[in-house]
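Worksheet: one structure, shown below.
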Amino acid sequence: MSHQELTRHWIQAEEKTVKVLITEAGKEYLEYTYDDRARQLLVSQLIAHKSNLLVDTGLVPRTITEDGTSLKAWVFSSLSVAPGTYVLVRVIGLLKPKGLQVNCPTVLLATIPGDPVYVSAETPQDAINSLPVDVRQSLLEECKYELLSKEDAHRTLQAAIERYIHSQRKLQSGWSSSPAWMASMLQEHRLDESEVHTQYEREVLRLPYRFQKYIAECLHPEERILLYVLRPPISEGREILGLLGKRRLAEGILLITDQQVLFVEDVRPPSNSTGIHWGYVAHVFPPERLVDVRVLTKGQTATLALDLWSKSDQHHLEFTFPGEQTFWLAEAESLLRRYLPYPENSKSPRRIYEDKGLNDRDYSGVLDLSDLEDLKSLQELRSSILRQEDVLLSAFTPSSSTNSAKLVTCTSDELLIFEVPDKVSRIDISSISLITLKHSLLGNELLIRTSRTYGKEIALEINGPIIENFLQLVIFLRRAMTNNTKEHSASRN
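Using the numbering used here, read the sequence shown as starting at 10 and increasing by one per residue.
See below:
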């Protein structure tokens with residue numbers, strides 16, 4: 010599949026024009042035919058539109074909205090465009106339905122550049138007000154919409170493009186479309202030995218849909234869910250400069266699987282006013298990195314306190330919950346204590362994962378020429394340092410106005426960051442204690458907490474529509490962290 014057109018959509022979304030396929034004309038338009046003999050385009054007839062809504066309806070190709078359909082667009086123009094025609098439009102805003110409404114999709118509002126009637130239209134209200142009152146009422150009478158700015162429209166467009174790319178990458182990745190942990194129905198009977206899924210795997214279906222999607226992005230297909238604890242939005246007391254205050258904690262979920270400890274929380278509470286309904290911060294580490302775990306209670310809150318090991322340091326981590334979740338946090342503590350280093354000569358459970366290396370993705374249809382040149386340069390730099398068979402997985406992030414292009418590569422025991430023109434940073438995986446991934450419309454970032462030797466925390470801004478590669482990198486890196494615990498085990502025996 011060619012991604013060349015998709016790339017242009019992404020670039021256009023960052024700039025001012027977007028390609029739209031017109032599906033229905035709002036008023037009269039000319040129909041064309043092609044004369045093969047004369048090799049000429051001919052006007053065959055004038056098509057009159059009965060509804061006369063004065064607005065052309067279209068779809069933005071290669072986009073997927075939250076309901077699984079292409080992003081819809083209304084194109085305001087003095088002349089209608091024939092259905093089946095692609096047109097470059099200027100985005101001026103967004104119509105977003107208020108609450109849950111059936112058959113009321115989110116609609117991109119746009120005009121055709123240079124159109125004399127709409128050349129001064131800069132906001133959705135400008136375009137709507139230009140229509141006759143009866144036409145305006147006809148367009149908006151079925152759904153209750155709120156008008157949002159062009160900035161909100163571009164964020165929605167970028168999310169729809171990224172959602173499409175993510176679905177295509179997932180199909181091409183070779184991973185199972187039906188992970189082992191994913192149940193198809195809720196638990197309706199008592200569990201027995203013949204049950205395929207755990208209780209919590211079935212209960213995942215009760216979670217808010219966005220959390221089901223967060224979990225799906227953070228789990229390996231072979232993982233099994235052993236326990237989860239959902240945290241509602243709560244206020245946590247804290248002291249700043251001797252003054253007592255409160256901090257609002259977002260809704261989140263603690264998930265324990267047979268391979269990792271994962272805490273995912275909303276990057277921001279879902280809000281119609283901001284147009285942000287999706288986005289998360291994920292904290293990830295394998296349970297083999299635990300040194301200590303305990304539940305602390307204070308007032309009306311309970312906290313799961315964790316001490317994490319790295320090669321030359323330890324890090325402390327806390328997740329706060331409402332006091333009524335204390336019982337489930339105690340269950341989590343009991344489960345995690347199985348992975349603590351045992352005293353004397355006994356050993357903790359240890360696993361070795363053998364993840365097969367994946368070839369570099371074909372970025373030719375996703376990146377522009379300058380980014381492809383950066384990628385080629387970084388791959389050559391990597392080849393001068395690593396053998397291809399040592400590379401488990403790589404992820405590329407293009408340059409931005411503040412950061413240079415980087416190629417992040419995971420081997421069995423090292424994480425290497427190649428940066429143009431010739432900078433290389435090497436991080437021993439055994440020195441990593443925690444991985445944090447921020448993924449939302451506000452931006453994508455990978456944070457790696459390390460020992461003091463490497464500066465304690467490494468932040469990588471992820472640019473462009475290729476977050477899928479970094480989602481896989483986090484999983485590979487987390488599993489490699491599990492393998493790199495031998496020195497810790499030896500030091501405890």
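Just so it is clear, CB atoms sit at the ideal spot from N, CA and C, and this is done for glycine as well.
Here Leu387 is not near Leu486, since their CB atoms are 9 Å or more apart.
When DSSP reads this structure, Ser449 sits in a beta bridge with Gly288 and Gly452. The segment 87-97 makes no contact with the segment 131-149; the number of CB pairs closer than 8 Å stays below 3.
Between the alpha carbons of Ala57 and His163 lies a gap of roughly 33 Å. In the three-state reduction of the DSSP assignment, Gly102 falls in the strand class. Val417 is a Cβ neighbour of Leu455, given a cutoff of 9 Å. Within the same chain, and ignoring the five residues on either side of Thr445 in sequence, the residues whose Cβ sits closer than 6 Å to its Cβ are His292 and Leu456. The DSSP-derived three-state label of Cys227 is helix. Comparing alpha-carbon positions, the option among Ala34, Arg396 and Tyr95 lying closest to Lys28 turns out to be Tyr95. Distance from the CA atom of Pro106 to the CA atom of Asp161, rounded to whole angstroms, is 14 Å. CA-to-CA, the gap between Tyr127 and Thr26 works out to about 15 Å. CA-CA distance, Ile31 to Glu477, rounds to 30 Å. By a beta-carbon distance limit of 8 Å, Ile101 contacts Thr120. Their separation comes to about 6 Å. Rounded to the nearest angstrom, the gap between the Cα atoms of Thr66 and Pro114 is 12 Å.
Partner residues in the beta bridge of Ser244, as assigned by DSSP, are Arg257. In its chain, beyond the 5 residues on either side, Asp369, Leu416, Val417 and Thr418 have a beta carbon closer than 7 Å to the beta carbon of Ser403. Counting along the chain, Arg145 sits inside the alpha helix (DSSP H) bounded by residues Val142 to Leu149.
Annotated as distal: Ala341 and Glu327, with beta-carbon spacing of 9 Å or more. C-alpha of His324 to C-alpha of Leu338: approximately 20 Å in a straight line. For Ala119, the uninterrupted beta strand (DSSP E) run begins and ends at Val116 to Thr120, by DSSP. Per DSSP, Glu333 has no beta bridge partner at all. Leu317 sits buried, since 16 or more C-beta atoms from the chains shown fall within 10 Å of its C-beta. Looking at Trp83, Lys447, Gln481 and Val52, the one whose alpha-carbon comes closest to that of Tyr289 is Lys447.
For Ala468, DSSP records a beta bridge to Leu456.
If you ignore the 5 residues before and after Glu155, its C-beta comes within less than 6 Å of the C-beta of Lys105 and Lys107, all in its own chain and listed in chain order. One Cα belongs to Leu239, the other to Ile394, and the distance between them is close to 44 Å. Here Ala47 is exposed: its Cβ has fewer than 16 other Cβ atoms, across all protein chains shown, within 10 Å.
Within 10 angstroms of the beta-carbon of Tyr348 lie 16 or more other beta-carbons, which makes it buried. Sorting Glu428, Leu157, Leu264 and Ser321 by C-alpha distance to the C-alpha of Thr459 places Ser321 at the top.
Assigned with DSSP and collapsed to three states, Ser442 falls in strand. In terms of CA proximity to Glu466, Ser319 leads the group Ser319, Asp377 and Glu428.
Leaving aside the five residues that flank Thr72 on each side, the residues in its chain whose CB is nearer than 6 Å to its CB run, in chain order, Ser79, Leu80, Ala169, Ile170 and Tyr173. Assigned with DSSP and collapsed to three states, Ala47 falls in coil, not helix or strand. Arg346 is the residue among Arg391, Glu389, Arg346 and Asn492 whose C-alpha sits nearest the C-alpha of Val300.
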